[in-house]
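From first to last, the protein sequence lines stand for chains A and B. This note's numbering applies: residue 588 is where the first sequence begins, and numbers increase by one. This note's numbering applies: residue 36 is where the second sequence begins, and numbers increase by one.
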Amino acid sequence: MATHPGGLTAAARPAVVNPDGKPASGDVTAVSVRDLIRSFGPKGVLNGVDLDIAPGEFVALLGPSGCGKSTLLRALAGLDHDVRGSGVISVPERVSVVFQDSRLLPWDTVLGNVTLGLQEHDAEARARKALAEVGLAGREKSWPHELSGGEQQRVALARSLVREPQLLLADEPFGALDALTRIKMHGLLRDLVAAHRPAVLLVTHDVDEAIALADRIVVLDGGRVATIRTVSPEVGTAADAAGHENLRRELLTDLGVAAVSH
Amino acid sequence: MSAAPVLDRPAVEPHLDPTLATREDIRPAGRRLGPGRRRRLAWLLGPGALLALWTISSATGLLDPRILSEPWTVVATAGELLADGRLQENLAISAQRAGLGLFFGIVVGALLALLSGLSRVGEALIDGPVQIKRAIPGLALIPLLILWFGIDETMKVLTITLGVFVPIYLQTHAGLRGIDLRYVELAQTVGLSRAAFIRKVVLPGALPGFFLGLRFAVTGAWVSLVVVEQINATSGIGYMMELARTYGQTNIIVLGLAVYGILGLVSDGAVRLIERKALSWQRTLAG
Numbered sequence: 588m589a590t591h592p593g594g595l596t597a598a599a600r601p602a603v604v605n606p607d608g609k610p611a612s613g614d615v616t617a618v619s620v621r622d623l624i625r626s627f628g629p630k631g632v633l634n635g636v637d638l639d640i641a642p643g644e645f646v647a648l649l650g651p652s653g654c655g656k657s658t659l660l661r662a663l664a665g666l667d668h669d670v671r672g673s674g675v676i677s678v679p680e681r682v683s684v685v686f687q688d689s690r691l692l693p694w695d696t697v698l699g700n701v702t703l704g705l706q707e708h709d710a711e712a713r714a715r716k717a718l719a720e721v722g723l724a725g726r727e728k729s730w731p732h733e734l735s736g737g738e739q740q741r742v743a744l745a746r747s748l749v750r751e752p753q754l755l756l757a758d759e760p761f762g763a764l765d766a767l768t769r770i771k772m773h774g775l776l777r778d779l780v781a782a783h784r785p786a787v788l789l790v791t792h793d794v795d796e797a798i799a800l801a802d803r804i805v806v807l808d809g810g811r812v813a814t815i816r817t818v819s820p821e822v823g824t825a826a827d828a829a830g831h832e833n834l835r836r837e838l839l840t841d842l843g844v845a846a847v848s849h
Numbered sequence: 036m037s038a039a040p041v042l043d044r045p046a047v048e049p050h051l052d053p054t055l056a057t058r059e060d061i062r063p064a065g066r067r068l069g070p071g072r073r074r075r076l077a078w079l080l081g082p083g084a085l086l087a088l089w090t091i092s093s094a095t096g097l098l099d100p101r102i103l104s105e106p107w108t109v110v111a112t113a114g115e116l117l118a119d120g121r122l123q124e125n126l127a128i129s130a131q132r133a134g135l136g137l138f139f140g141i142v143v144g145a146l147l148a149l150l151s152g153l154s155r156v157g158e159a160l161i162d163g164p165v166q167i168k169r170a171i172p173g174l175a176l177i178p179l180l181i182l183w184f185g186i187d188e189t190m191k192v193l194t195i196t197l198g199v200f201v202p203i204y205l206q207t208h209a210g211l212r213g214i215d216l217r218y219v220e221l222a223q224t225v226g227l228s229r230a231a232f233i234r235k236v237v238l239p240g241a242l243p244g245f246f247l248g249l250r251f252a253v254t255g256a257w258v259s260l261v262v263v264e265q266i267n268a269t270s271g272i273g274y275m276m277e278l279a280r281t282y283g284q285t286n287i288i289v290l291g292l293a294v295y296g297i298l299g300l301v302s303d304g305a306v307r308l309i310e311r312k313a314l315s316w317q318r319t320l321a322g
């Protein structure tokens, strides 16, 4: 477990850990966030967030624009060096991040982008396998600009999964894609997560995406966790159509949007 | 003026259906804002037109040979000087000076740009002095350099180096500082070491800037060369021209100018060719 101390706390309070390495609560957690505070200037963005994610659990983080979703994700990724704040964050050793933009290095090939930072001797073979998994076998030598937006984002998924992450952080990864591509990507992500079993934190503003993918949906509002809703498999796949519609309505109410029937 | 011809692009789309040629092809006239397809050897057009203008003016007597020698006289002079070996000899020594100065200038400029671009301390120490050097004309330094190093090769190569490193530094530094922060974040999330970050992100990201600097630098190297060879030299193209001036040999002076021009054009073309190969990942208006 790596711990990112909050910027304002002089010494990091380590998470309470038993001798066997498991958190004191008894449950094994992949992610544990306690009393997380982050602020840009005088305005607090996160005002005391607590969040646990179990290994292999898929959590979607929903919320209106500016509610602090991305700030929380960036804090978990350790990307907020210059942001003031406090709190205790505990994340696994291997964390991968997928951004809204595919963030491929334009000067490196698809294969070079997937192997970026890998030091194992079999990195290339693993990267080829990961590319095959996302359906891009044979495109290893292409330049990023030769791929479509959806393909670029699939390369980004391959790049994050080739590291066998224990935690996958995804910041609106499909936000820039068209609706049809997005649906395909949902299926792909579901399959990949089922195969690799990382804990996932998906930041999204799309209620349907959250229901389709997540085990648990956390709604963030005003820099705090407003509600947490569990998604049963029947509801997630819409086998239980009434339950699906019900959850959708509840989430929209949580988000302060007047529910519209589908 | 355009770059050297593209060799790696087929003239015809390989999978084009041949029957398409016979079918009707009516499409709305869309306005095209880009410069369109690149054409082979198109870069020769400008220099060729200049040469034609010179030839016609000389042949019609519009241009007095005492002011500017005729092209054929210059070609004949080149033949004579090649036959007795003077042109090659002077060209070799000039090329050596320019090459050495260019080499040291590139190394110094690129290193300083890296130091200044990657650390705040480096920037505080290096950037100011370079900007000051930039404000001082290269010519103004020559008297001091002669006092320090005499008039031999060291002074000449150093003058060229001082002229070359500035554009390399400026453009590489700008390229480096222009690298998108998002890639820096990415490097962090995939756990790149500092060395790998420089190799995988910083250097390739700064390469377009470096090449722009290199084009300025190559031209600048030839310019500095002319200056040092015409002030204090006993060999080189500039010396050959200076000697011709004392004897009123316009044809040799013009030949020297033509040689400088050709050298400049060829080296710029070479840099562009290397640039095109090295930056093949870019998709720009240059095509």
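Even for Gly, the Cβ is constructed at its ideal location relative to N, Cα and C.
Inter-residue distance for Gly173 (chain B) and Val253 (chain B) is about 15 Å (C-alpha atoms, whole angstroms). Around the beta-carbon of Asp119 (chain B), fewer than 16 other beta-carbon atoms lie within 10 Å, marking it exposed.
Under the DSSP definition of a beta bridge, Gly631 (chain A) partners with A:Ser626. Taking the C-beta atoms as reference points, Gln265 (chain B) is found no nearer than 9 Å to Gly255 (chain B). In the assembly as shown, Lys630 (chain A) is an exposed residue. Its beta-carbon has fewer than 16 other beta-carbons within 10 Å. Of all C-beta pairs linking the region 834-841 of chain A to the region 809-818 of chain A, three or more are shorter than 8 Å, placing the two stretches in contact. In terms of Cβ geometry, Val678 (chain A) and Val742 (chain A) do not form a close pair [threshold 9 Å].
Identification of chain A residues near Gly291 (chain B) by a Cβ-Cβ cut-off of 7 Å yields none; the smallest Cβ-Cβ distance measures about 41 Å. Rounded to whole angstroms, Thr207 (chain B) and Val236 (chain B) show a C-alpha spacing of 14 Å. Closest option to Asn833 (chain A), judged by alpha-carbon separation, among A:Leu807, A:Thr702, A:Leu800, A:Val794: A:Val794.
The C-beta of Ala724 (chain A) has fewer than 16 other C-beta atoms within 10 Å across all chains shown, which makes the residue exposed.
Taking a C-beta distance under 9 Å as the contact criterion, Asp688 (chain A) and Arg234 (chain B) do not qualify as a contact pair. The Cβ atoms of Ala714 (chain A) and Thr702 (chain A) sit closer than 9 Å to each other. By the rule that beta-carbons nearer than 9 Å mark a contact, Phe627 (chain A) does not touch chain B. Relative to Thr696 (chain A), the option among A:Val684, A:Glu711, A:Glu707, A:Gln706 whose CA is nearest is A:Glu711. For Thr207 (chain B), no Cβ of chain A is located within less than 9 Å of the residue's own Cβ.
In this model, Arg746 (chain A) and Ala717 (chain A) are separated by some 8 Å (Cα to Cα).
Chain-ordered listing is empty here: chain A has no CB closer than 7 Å to the CB of Lys312 (chain B), the nearest sitting near 13 Å.
For Arg217 (chain B), the neighbours in chain A by C-beta distance under 9 Å run, in chain order, Phe686, Asp688, Arg690. In summary, the residues of the region 663-680 of chain A whose CB is separated from some CB of chain B by less than 8 Å are Ala664, Gly665, Leu666, in the order they occur in the chain. DSSP places Ile297 (chain B) within a helical segment (H, G or I) once states are collapsed to three. The shortest CA-to-CA distance from Thr616 (chain A) to any of A:Phe645, A:Leu633, A:Gly672 is the one to A:Phe645. For the region 219-230 of chain B, the set of residues with a beta-carbon nearer than 8 Å to any beta-carbon of chain A comprises Glu220, Leu221, Ala222, Gln223, Thr224, Val225, Gly226, Leu227, in chain order. In summary, Lys656 (chain A) is buried, with 16 or more beta-carbon neighbours lying within 10 Å of its beta-carbon over all protein chains present.
When C-beta distances to chain B are compared with 7 Å, the residues of the region 698-709 of chain A below that value are Leu703, Gly704, in chain order. In the displayed model, Phe246 (chain B) falls within a helix according to three-state DSSP. DSSP, read as helix, strand or coil, puts Val685 (chain A) in strand. Residues of the region 229-257 of chain B whose Cβ lies closer than 8 Å to any Cβ of chain A, in chain order: Ala231, Lys235, Val236, Pro239, Gly240, Leu242.
When C-alpha distances from Glu796 (chain A) are compared across A:Gly823, A:Asp709, A:His783, A:Val787, the shortest belongs to A:Gly823. At least one beta carbon of chain B lies nearer than 9 Å to the beta carbon of Val682 (chain A). Listed by position along chain B, the residues whose Cβ is nearer than 8 Å to that of Pro693 (chain A) are Trp316, Gln317.
Closer than 9 Å to the CB of Arg713 (chain A) there is not a single CB belonging to chain B. Counting C-beta atoms within 10 angstroms of its own C-beta, Asp765 (chain A) has fewer than 16 neighbours from the protein chains shown and is therefore classed as exposed. If you check the CB distance, Val199 (chain B) and Gly296 (chain B) do not come in under 9 Å. Here Arg803 (chain A) carries a strand assignment [DSSP, helix/strand/coil]. Straight-line measurement puts the Cα of Leu755 (chain A) at about 20 Å from the Cα of Leu692 (chain A).
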